[in-house]
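Engineer: Per the numbering used here, the sequence shown starts with residue 7, numbered consecutively.
This is the structure I have questions about; it appears just below.
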Amino acid sequence: MAISASGDNDDVVSEINVTPLVDVMLVLLVVFIVTAPLLSNAVTVNLPTVGRVQLLLDGREADTLAGHVDLRQPLRKNEGLIRTP
């Protein structure tokens, strides 16, 4: 029951006090504004570049892939080689 000035009125006041909600939302907004720039900084990594690729067939260096790979179509992964647990 709500507190009223007159003693004979027993109506329930169904108003919600939004001041604490606004305070919490403003605090969260400030926290996100402060942390957002910290999350956007990326770590720069210097990865080595590939200069040369050596092709090995049966353990020996191969000069060409003729007869081993059909280069007319793009290479795709072989799902049969993947082990499923």
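Even for Gly, the Cβ is constructed at its ideal location relative to N, Cα and C.
The alpha helix (DSSP H) that contains residue 46, what's its start and end?
Structural biologist: On the sequence shown, residue 46 is found 40 positions in, with the first residue counted as 1. That run of the alpha helix (DSSP H) goes 25–46.
Engineer: What separation, rounded to the nearest whole angstrom, lies between the Cα atoms of residue 118 and residue 88?
Structural biologist: Residue 118 lies beyond the range of the chain shown here (7 to 91); nothing can be said about it.
Engineer: For residue 66, which residues in the same chain have their Cβ closer than 8 Å to its Cβ, ignoring the five residues on either side in sequence?
Structural biologist: For the purposes of this step, residue 66 is taken as the residue at position 60 of the sequence shown. Non-local C-beta neighbours of residue 66 in its own chain, meaning closer than 8 Å and more than five positions away in sequence, are absent.
Engineer: Roughly how many whole angstroms lie between the Cα atoms of residue 43 and residue 49?
Structural biologist: In the sequence shown, residue 43 corresponds to position 37, counting from 1. In the sequence shown, residue 49 corresponds to position 43, counting from 1. Straight-line Cα distance between these residues: approximately 13 Å.
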